[in-house]
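K.L.:
Got a structure for you, questions after.
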Amino acid sequence: MGRNLQPRTKRVRRIGEKLVTHGEKAFSRRPYPPGQHGPRGGGKISEYGIRLREKQKAQLVYGLLERQFRRYVVAARRQVGNTGELLLQTLELRLDNVVFRAGLAPSREAARQLVRHGHLTVNGRRVNIPSYQVRVGQTVAIDERSRQRTHFQTIQKQLENYQAPVWLSVDATAASAIVQSKPAATDVATPINTQLIVEFYSR
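Going by my numbering, the sequence shown wraps up at 278, each residue one higher than the last.
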């Protein structure tokens, strides 16, 4: 699968917000868009620019390229309900995101790598697809064989003091998490205005 190779810190500075898992130090040092014009670069943002920036923020947070992100938006619009909320639920219930939010990995990038390398199971079956949609009631856990490694034993110790979101029930002893309910917009760690994203794709 393709990856965005553009420096992440530049993308964070262009968006203009401190994001949860990356770019905070860079943004604190230089809280202005990248480019040769420095702090004076960038003027008033148009309505289109505001919507575009919100879309780019969501893509950066969840580590998605345009084609896959657009597919999620189109799928959400086909369902009955609030398109923005459905989109957020789809993004939050990706396996790589569930692994990250459960505290089984320090970042979504690390979670994606763990999933691809076959270290995670869903209801006891190994799954190596980061985009796999976890359903309510399913259990995500570190594979029993992987749990013997020092790296995962460290993660288990860290889970004892980890505060998981309300829609996840984490068991530090078993290095697992159960999806108790669908996440709400207020449960998302990085506030994302999905209405602006929906409007961007509706133009």
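Glycine is no exception: its CB is placed at the ideal position from the N, C-alpha and C atoms.
Classify Gly-159: buried if its beta carbon has 16 or more other beta carbons within 10 angstroms, exposed otherwise.
P.N.:
buried
K.L.:
Tell me which residues share the same chain as Leu-271 and place their Cβ nearer than 6 Å to its Cβ, disregarding the 5 neighbours each side in the sequence.
P.N.:
Closer than 6 Å at Cβ, skipping near neighbours: Arg-126 and Glu-129.
K.L.:
Express the C-alpha separation of Gly-156 and Met-76 in angstroms, rounding to a whole number.
P.N.:
Residue confidence for Met-76 is low, a pLDDT of 48 falling below 50, so the modelled location carries little weight; the figure read from the coordinates is stated next. When rounded, the distance between both Cα atoms is 30 Å.
K.L.:
Who are the near neighbours of Leu-161 in its chain, counting only those whose CB is closer than 7 Å to its CB and skipping five residues on each side?
P.N.:
Ala-151 and Gln-154
K.L.:
So is Arg-169 buried or exposed if we call it buried at 16+ other beta carbons inside 10 Å?
P.N.:
buried
K.L.:
Considering only residues of the same chain and omitting the five flanking positions on each side of Ala-177, which have a CB-CB separation below 7 Å?
P.N.:
Val-215, Ala-239, Leu-243, Val-245 and Ala-252
K.L.:
Rounded to the nearest angstrom, what separates Gln-233 and Tyr-123 at their Cα positions?
P.N.:
42 Å
K.L.:
Once you ignore the five residues that flank Val-254 on each side, which residues in its own chain have a CB closer than 6 Å to its CB?
P.N.:
Val-209, Val-211 and Gln-213
K.L.:
Just to confirm my understanding: we take Gly-193, look at its own chain, exclude 5 residues before and 5 after, and list those with CB closer than 6 Å. What are they?
P.N.:
Arg-201 and Asn-203
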